[in-house]
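In this text, residue positions in the sequence shown follow full-length UniProt numbering: the first is 1, and each later residue adds one. Ideal Cβ positions, reconstructed from N, Cα and C, are used throughout, including at glycine.
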Amino acid sequence: MSSAHSPVLPLDIRLRTLESQLFGVPPSILDQQQYSKGNGEGSTSNSTTKSATRQIQEAEEVFERLCSESEGIKRLLEGYDQYLPLLNPPSSSTLTGENDGSEQRVSESDLLPENIKLTMVLESYRDIKGAERDLREIDLLRERDVQGSGSLEELLPLKPNLVDSIKQTQSTSHEISSIKRDLNGVLNRYNEFTSTTSDLFIDLHHQLQYLEDRIYKLERKKKKEIEGRY
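This is the structure:
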């Protein structure tokens, strides 16, 4: 991050303002101010506290590391101008000075323009769709009255039995596959035997038919010879 265009410094100032509004001024800062006033020397306060440049540099390094680890912080820094209204709430003095009868409650969404709201919705589209899908699945499980769908802790002790059952099922599946292969081999050999036997019967039928024809012709020839003699 470059210090000229980085939003880290104003963000740090606003975060410190929020902390002071919510939790008050830290005692360490008051002690440092009283200590510097009591001594009246700037060198003593500089020796106990870091310079503003060094603090900004360390803050930039921390934010760079956080941006690489967290997508949410990265989006916050990249869209700092969009989220600026949310980081600048009204002070307590402003709230107490308003009339209670005419005071209207302002939500965080009212502080953002419409285009920024649209951008935030588009950025969260995937998360919204995923949450909607999960809710539909949960409703579907409830409609089907699925027992134990919401008690995962009670089902975890049954995991070893499930693993053993899966292994046993896999072993049985391998045995069934082996028997199935053997049965297919037997059926193939039976089909081959049946086809061969059918071919043999057909060939035998043709041979018998040929022999019957030969015998019939020989009987007719013999009958004619006998009739010719007498």
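Supposed contact pair residue j and residue i - C-beta distance, whole angstroms, cut 8 Å
{"i": "I73", "j": "L66", "result": "5 Å"}
The ligand ADP heavy atom lying under 7 Å from the CB of residue i
{"i": "K167", "result": "Annotation note on the ligand ADP: not contained in the displayed structure, which lists no ligands."}
Burial state of residue i (16 or more Cβ within 10 Å)
{"i": "F63", "result": "buried"}
Close Cβ partners of residue i (< 8 Å) along its chain, the five nearest in sequence each way excluded
{"i": "N115", "result": "none"}
{"i": "K217", "result": "none"}
{"i": "Y210", "result": "none"}
Within 8 Å, strictly: CB atoms of residue i and residue j
{"i": "A52", "j": "D12", "result": "no"}
Residue span of the alpha helix (DSSP H) that contains residue i, given as start and end
{"i": "R144", "result": "Counting along the chain, R144 falls outside any alpha helix (DSSP H), and DSSP gives it neither H nor E."}
{"i": "P160", "result": "159-229"}
{"i": "G79", "result": "G79 -> no alpha helix (DSSP H), and no H or E assigned at all."}
{"i": "L122", "result": "114-123"}
{"i": "L66", "result": "52-69"}
Contact set for residue i: own chain, Cβ-Cβ below 6 Å, skip 5 residues either direction
{"i": "E78", "result": "none"}
Cutoff 8 Å: residue i Cβ touching any chain B Cβ
{"i": "Q57", "result": "The chain inventory of the structure shown lacks chain B, comprising one protein chain alone."}
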